[in-house]
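In mature numbering (1 follows the signal peptide of the UniProt record, and there is no 0), the protein residues as written are -19 to -1, 1 to 93. For each residue, glycine too, the CB sits at the ideal point set by N, CA and C. Scroll down for the structure; my scribbles are underneath it.
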């Protein structure tokens, strides 16, 4: 019976030990519009920290979506910043590869 309990304990702890160091892959793009990366396409890997970041850039005229930037960030926090006639809306995700792929205003343009 002791061996059975020990086996159950190992099976319960194993996933936490094994998957603790798994990295998250994030999409990188410096100019993402309408479902396409127009400039700076690539990917990055987050070992620890907040994870994949999506930043949407809006212009004041009705808060028109200008473009989206995708990258990795150690200090990503969901936020809205205003710089004159520009608004930058940031969001973060982790735990799933390329979780930032179609975030933001470009989402409705997703191409399969």
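What number of angstroms, rounded off, separates the C-alpha of residue i from the C-alpha of residue j?
{"i": "residue 15", "j": "residue 3", "result": "31 Å"}
{"i": "residue 1", "j": "residue 82", "result": "Residue placement at residue 1 cannot be trusted, given a pLDDT of 49 that sits under 50; the coordinates are not used to answer."}
{"i": "residue 31", "j": "residue 39", "result": "24 Å"}
{"i": "residue 54", "j": "residue 25", "result": "10 Å"}
{"i": "residue 23", "j": "residue 64", "result": "27 Å"}
{"i": "residue 28", "j": "residue 61", "result": "26 Å"}
{"i": "residue 59", "j": "residue 50", "result": "14 Å"}
{"i": "residue 20", "j": "residue 37", "result": "15 Å"}
Using a Cβ-Cβ cutoff of less than 6 Å, which residues in the same chain neighbour residue i once the five nearest sequence positions on both sides are dropped?
{"i": "residue 88", "result": "With a pLDDT of only 42 at residue 88, under the threshold of 50, the placement of this residue in the model should not be trusted, and no figure is reported."}
With a CB to CB cut of under 7 Å and the five nearest residues on each side skipped, what residues in its chain are close to residue i?
{"i": "residue 80", "result": "33, 74"}
Under 8 Å between the Cβ atoms of residue i and residue j?
{"i": "residue 35", "j": "residue 72", "result": "yes"}
{"i": "residue 78", "j": "residue 5", "result": "yes"}
What are the start and end residues of the beta strand (DSSP E) that includes residue i?
{"i": "residue 27", "result": "23 to 27"}
{"i": "residue 64", "result": "60 to 64"}
Apart from the five residues just before and just after residue i, which ones in its own chain have a Cβ nearer than 8 Å to its Cβ?
{"i": "residue 44", "result": "68"}
By alpha-carbon positions, which one of the options ends up nearest to residue i?
{"i": "residue 18", "options": "48, 42, 41, 6", "result": "48"}
{"i": "residue 42", "options": "56, 57, 66, 52", "result": "66"}
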